[in-house]
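Okay, so here's the structure we're looking at.
Chains as they are written, first to last, in this note's numbering: chain Z, 1210 to 1622; chain C, 224 to 390.
As structure tokens, this is what we get:
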């Protein structure tokens, strides 16, 4: 029987010859990610459940990113509890200052094609960019996995999204996922897997696919999968022959198919304060801004910084502009490529890799009536300061073009 | 958990988000017992005072959407409803509910045939009897039933690890 990509991953993991949507199965977990925000709760529940040793210390990754560097005295407690838990359990995969969890998980090789990975953050869907089934869970469940190595999963229906052709030059992966969110709406993919395919996707970098799988959770999706190809293998350091079983069969049963012509995409933004409130950047053009933010696990990768540098080269920003690379590795590469010099000369503030700005927890917060063009993934009320801040979500190209003018601006690339 | 039970129905609409089930401002209260009087506060503040042990919540689609807060299912459980019946559930809420020992039933037909105050009968894993009609419901898998029967994931794991206390 034909299978979708998510069904194939679950079938391989469980040894079941065929799974169908709605079926509940127990999977063996290949890796888990716990971040600094929830580690105290996970450690508590783990001990309360009566566990003493985690099932496999090699399979757990602990990442400090939301609170790095600490902005409040009480944040330090999270690091202390995390360090103590890591020591008690013999965890070796601990990242204290290396970058954002969702960047590190694929970058450091913890999540790869065909793996099943769970994390305590809703944007854990990101690793679908390399054909990994990954999704967010609560802290009680994470404690249960640490003790048993297993989790129950409802096999999701699949929504297939086909994008063929060539994207316009000023359109980035961010514009693609924002348009998809606008079409599916914020609950349009609840429980479901997105499977994204087509010639435009084949041409995309892994980094671009990452932007799309990262934001898939904003329409409720459980995961967002791309079949691995040569680019995936180069990024993950694996052989195509080992992962060529990872694709959705053409005749597999899916709940919905969306087909797009890549040429039809335009720069768009999510307007305050819903992620599915999508408008053409052109419609919003001229809106005065107080800040621009380029970074996060959605858009803090090398190609994003390259785009910003290309637009800002030899220019000066007209509003406060903050750049946050997604990881230290990306930071160093951006220095090596000369992007950081260009961005600094243009007047940008460059911050350490981390989550603080995106979730309004440290740095770059705004107040009533202010507006920001940002490349992160949520524009909810109060996300980056008070609940009267207007957050517009756009691509790095749109953000950089808007930084130059100080008003929302359609990028010309 | 009883296999068959009868309860009085409270009817809720579509997209009941976890901020409605327990607003953020009450999350800092010391316990779920303190919080439960504010359950559904933005929508129906009188509800916690009306719900009696064994009542049933019937809602529309996308129940429990929004924030992943585990306190949402904990509050419904603390109000002692016997189950929630909804057209569909948001993913993280569904998991958090099972893990906190709250029975969820998915059915998108019954909403048309029940009104608030009706008495309906549920046979777990088999059917709902309401207004002279019978609505078949799927059985939950054994693994999930074990978690529910134990009263949630922490207790299920305690049982597994041989440290469960009899209640």
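Built from N, CA and C at the ideal position, the CB exists for glycine as well.
For residue 1573(Z), which option in 1552(Z), 1531(Z) and 1252(Z) has the closest C-alpha, if you only look at C-alpha atoms?
Cα-wise, what sits closest to residue 1573(Z) is 1531(Z).
Can you tell me where the beta strand (DSSP E) holding residue 1469(Z) begins and where it ends?
Residues 1465-1470.
According to DSSP, is residue 261(C) part of a helix, a strand, or is it coil?
Taken through DSSP and simplified to helix, strand or coil, residue 261(C) comes out as helix.
Counting Cβ pairs, one atom from each stretch, are 3 or more of them under 8 Å apart for the stretch 1420-1427 of chain Z and the stretch 1325-1345 of chain Z?
As far as the Cβ criterion goes, the stretch 1420-1427 of chain Z touches the stretch 1325-1345 of chain Z, which means the pair count is three or higher.
Measure the alpha-carbon distance for residue 390(C) versus residue 298(C) and round it to whole angstroms.
Its pLDDT being 47, under 50, residue 390(C) is placed unreliably by the model, and the measurement read from it follows with that caveat. In this structure, the CA atom of residue 390(C) is about 20 Å from the CA atom of residue 298(C).
Which residue marks the beginning of the beta strand (DSSP E) containing residue 1373(Z), and which one marks its end?
Segment 1367-1373, the beta strand (DSSP E) holding residue 1373(Z).
Pull up the distance between the alpha-carbon of residue 1227(Z) and that of residue 364(C), whole angstroms please.
Roughly 17 Å separates the two Cα atoms.
Once DSSP output is grouped into helix, strand and coil, what is the label at residue 1360(Z)?
Residue state, collapsed to three classes: strand.
May I ask you to verify whether the stretch 270-282 of chain C touches the stretch 304-320 of chain C, counting CB pairs closer than 8 Å and requiring at least 3?
Short answer: they touch.
List the endpoints of the continuous beta strand (DSSP E) containing residue 230(C).
Element bounds for residue 230(C): 227-234.
Could I get the ranges of all uninterrupted alpha helix (DSSP H) runs contained in the stretch 1296-1370 of chain Z, with 4 residues as the minimum, in chain order?
The qualifying runs are 1310-1316 and 1348-1357.
Three-way DSSP call (helix, strand, coil) for residue 1230(Z) in this model
Taken through DSSP and simplified to helix, strand or coil, residue 1230(Z) comes out as coil.
Taking all protein chains shown into account, do 16 or more other C-beta atoms lie within 10 angstroms of the C-beta of residue 1274(Z), making it buried, or fewer, making it exposed?
A residue is called buried once 16 or more other Cβ atoms fall within 10 Å of its Cβ, and residue 1274(Z) is buried on that count.
Taking beta-carbon pairs under 7 Å, can you tell me which members of the stretch 1357-1375 of chain Z lie near chain C?
In summary, the residues of the stretch 1357-1375 of chain Z whose CB is separated from some CB of chain C by less than 7 Å are 1361, in the order they occur in the chain.
Residue 405(C) touches chain Z at which residues, Cβ-Cβ below 8 Å?
Not covered by the structure: residue 405(C). The range shown for chain C is 224 to 390.
Looking at C-alpha atoms only, which residue of 332(C), 349(C), 292(C) and 340(C) is the closest neighbour of residue 318(C)?
Selected option, being the one with the closest Cα: 292(C).
With distances taken from CA atoms, which of 1563(Z), 1349(Z) and 1365(Z) is nearest residue 1212(Z)?
Residue 1212(Z) has its Cα closest to that of 1365(Z), out of 1563(Z), 1349(Z) and 1365(Z).
If we define contact as Cβ-Cβ less than 8 Å, is residue 356(C) a contact residue for chain Z?
Not an interface residue.
Span separating the alpha-carbon of residue 1440(Z) from that of residue 1414(Z):
Going by the C-alpha atoms only, they are around 7 Å apart.
Strand pairing of residue 1599(Z), partner residues [DSSP]
By DSSP's assignment, residue 1599(Z) forms a beta bridge with 1580(Z).
Going by DSSP, what residues sit across from residue 350(C) in a beta bridge?
The bridge partners DSSP lists for residue 350(C) are 346(C) and 359(C).
Are the C-beta of residue 390(C) and some C-beta of chain Z separated by less than 8 Å?
With a pLDDT of 47 at residue 390(C), under the threshold of 50, the predicted position of this residue should be treated as unreliable, and no value is reported.
Decide if the stretch 1595-1609 of chain Z is in contact with the stretch 1380-1391 of chain Z; the criterion is three or more beta carbon pairs, one per stretch, under 8 Å apart.
Taking 8 Å as the limit for Cβ pairs, the verdict is that the stretch 1380-1391 of chain Z does touch the stretch 1595-1609 of chain Z.
How close, in whole Å, do the beta carbons of residue 1263(Z) and residue 1356(Z) come, if the pair is a contact with beta carbons under 8 Å?
The pair is a contact, with the Cβ atoms about 7 Å apart (cut-off 8 Å).
Taking the alpha carbon of residue 374(C) as the reference point, which residue from 330(C), 332(C), 342(C) and 301(C) has its own alpha carbon closest?
Taking only the C-alpha atoms, the option nearest residue 374(C) is 301(C).
Determine the direct distance from the alpha carbon of residue 1476(Z) to that of residue 1367(Z), and round the result to whole angstroms.
Distance from the CA of residue 1367(Z) to the CA of residue 1476(Z), rounded to the nearest whole angstrom, comes to 27 Å.
The beta strand (DSSP E) spanning residue 1433(Z) covers which residue range?
Where residue 1433(Z) is concerned, the enclosing beta strand (DSSP E) starts and stops at 1432-1434.
Would the stretch 1582-1597 of chain Z count as touching the stretch 1552-1569 of chain Z if we require 3 or more Cβ pairs under 8 Å?
Two segments are said to touch when three or more pairs of C-beta atoms, one from each, lie closer than 8 Å; by this definition the stretch 1582-1597 of chain Z touches the stretch 1552-1569 of chain Z.
State the Cα-Cα distance for the pair residue 234(C) and residue 338(C), rounded to the nearest angstrom.
In a straight line, the C-alpha of residue 234(C) is about 7 Å away from that of residue 338(C).
Roughly how many angstroms lie between the CA atoms of residue 260(C) and residue 1575(Z), to the nearest whole one?
Rounded to whole angstroms, residue 260(C) to residue 1575(Z) spans 34 Å at the Cα level.
Nearest CA to the CA of residue 1504(Z): which residue from 1549(Z), 1363(Z), 1369(Z) and 1301(Z)?
Comparing Cα-Cα distances from residue 1504(Z) to each of 1549(Z), 1363(Z), 1369(Z) and 1301(Z), the minimum goes to 1549(Z).
Under the three-state DSSP convention, the category residue 1497(Z) falls into
Strand, per DSSP.
Per DSSP, residue 312(C) forms a beta bridge with which residues?
According to DSSP, which records beta bridges pairwise, residue 312(C) is partnered with 286(C).
Reducing DSSP to helix, strand and coil, say where residue 373(C) ends up.
Helix, per DSSP.
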